[in-house]
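*Asks:* Got a structure for you, written out below as C-alpha cells; questions coming shortly.
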Amino acid sequence: DSIFLHMQDMTLEEAFRVGRQIADTVTKMNPPPMELELEKVYHPCFMVAKKRYVGYSYESPDQKTPTLDAKGIEMVRRDSCPIIMRAQEEMIRALFDTMGDVSAAKKALVDIFRDLVRGRINPMELTFCKQVREKYRTARLPPAAELNAKRSQKDP
C-alpha cells in the first residue's frame, strides 16, 4: 500500500529528506520485517480519488526529468479509446508544465478537436476493444456484443 503526504513549499531535495525521515521513524515504530520505504516524490500531483492519481514522479533528488505516472485514470485504463487517453495525457502535461494554467490544457484539447475535424486523426483512435466473456449472469450479452452479433449475421 501507499501513503501520500502533502508537503508544501519544499524543494525536491527537501521532500526526499523529509520523506526518508518519516519512513525511518515509521519503520522503527513497527516490528520487523515491516518497513516503510520512500519510493517516489510527486510534483505536481493530482489525486482524483482512492487509487486514482497522476503526477510527475521523481525516484531520486538527482532526477532531472520527471516521469508522468498515472494510476486508475482514463489515460492508463484499457477500457478507454486511444483518443481519450491521448487527450487526457496532453491536457495533464499542459497543466503540469505550466503549473496549473487551465488555458494551456484547453488549448491542448482544442488542438485535438481541430485535428479530429480536419481528418488528421486515425479513425482507429476513436475505437476501443473490450473482451466479451462466453457466459454472463443474465441471458443478454452486453449491448456492444449484441450489435456485433447482429452485424455478423448480416455480413459474415
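Residue numbers (UniProt numbering): 1 to 156. Here a beta-carbon is modelled for each residue, glycine too, at the ideal position from N, C-alpha and C. The structure presented is a predicted model; accordingly, all values stated were derived computationally and were not measured.
Can at least three beta-carbon pairs, one atom from the region 15-35 and one from the region 48-57, be found at a separation below 8 Å?
*Replies:* no
*Asks:* Using only CA atoms, which one of 140, 81, 155 and 111 lies nearest to residue 158?
*Replies:* Past the boundaries of the shown model lies residue 158; the chain is included only from 1 to 156, so the question cannot be answered.
*Asks:* Counting only the same chain and skipping the five closest in sequence on each side, list residues whose C-beta sits under 6 Å from that of residue 88.
*Replies:* The residue given as residue 88 occupies position 88 in the sequence shown. Hits under 6 Å: 74 and 75.
*Asks:* How many angstroms separate the CA atom of residue 42 from the CA atom of residue 35?
*Replies:* By 1-based counting over the sequence shown, the position of residue 42 is 42. By 1-based counting over the sequence shown, the position of residue 35 is 35. Rounded to whole angstroms, residue 42 to residue 35 spans 21 Å at the Cα level.
*Asks:* To which residues of the same chain is residue 61 closer than 6 Å at the C-beta, ignoring the five residues directly before and after it?
*Replies:* As a first step, residue 61 is located in the sequence shown; it is residue number 61 there, counting from the start. Counting only Cβ-Cβ distances below 6 Å, and skipping sequence neighbours, we find 12, 13 and 16.
*Asks:* Which same chain residues, not among the five before or five after residue 105, have their C-beta less than 6 Å away from its C-beta?
*Replies:* Walking along the sequence shown from the start, residue 105 turns up at place 105. Around residue 105: 91, 94 and 95.
*Asks:* Just curious, the alpha helix (DSSP H) that residue 143 is in, first and last residue?
*Replies:* The sequence position of residue 143 within the sequence shown is 143, counting from 1. Start and end: 143-154.
*Asks:* In three-state terms, what does DSSP make of residue 69?
*Replies:* As a working mapping, residue 69 is identified with position 69 in the sequence shown. If DSSP states are grouped into helix, strand and coil, residue 69 belongs with the strands.
*Asks:* Grab the span of the beta strand (DSSP E) containing residue 93 for me, first residue to last.
*Replies:* The count along the sequence shown starts at 1 and reaches residue 93 at position 93. Segment 82-97 is the alpha helix (DSSP H) holding residue 93; no beta strand (DSSP E) there.
*Asks:* Report yes if the C-beta distance between residue 53 and residue 66 is below 8 Å; otherwise report no.
*Replies:* Taking the sequence shown and counting its residues from 1, one reaches residue 53 at position 53. Taking the sequence shown and counting its residues from 1, one reaches residue 66 at position 66. Cβ atoms of residue 53 and residue 66: not closer than 8 Å.
*Asks:* I'd like to know whether the C-beta atoms of residue 128 and residue 79 end up nearer to each other than 8 Å.
*Replies:* Translated into the one-based positions of the sequence shown, residue 128 becomes position 128. Translated into the one-based positions of the sequence shown, residue 79 becomes position 79. Yes, the Cβ-Cβ distance between residue 128 and residue 79 is below 8 Å.
*Asks:* Please report the Cβ distance between residue 68 and residue 56, rounded to the nearest whole angstrom; I am assuming they are in contact, meaning their Cβ atoms lie under 8 Å.
*Replies:* Residue numbering aside, residue 68 sits at position 68 when the sequence shown is read from its first letter. Residue numbering aside, residue 56 sits at position 56 when the sequence shown is read from its first letter. Contact flag correct, Cβ pair sits at about 6 Å.
*Asks:* With distances taken Cα to Cα, identify the nearest neighbour of residue 83 among 45, 100 and 123.
*Replies:* One-based indexing of the sequence shown puts residue 83 at position 83. Closest option to residue 83, judged by alpha-carbon separation, among 45, 100 and 123: 123.
*Asks:* Among residues of its own chain, excluding the 5 on either side of residue 115, which ones have a beta-carbon nearer than 8 Å to its beta-carbon?
*Replies:* Along the sequence shown, read from residue 1 onward, the residue named residue 115 stands at position 115. Cβ within range, chain order: 121.
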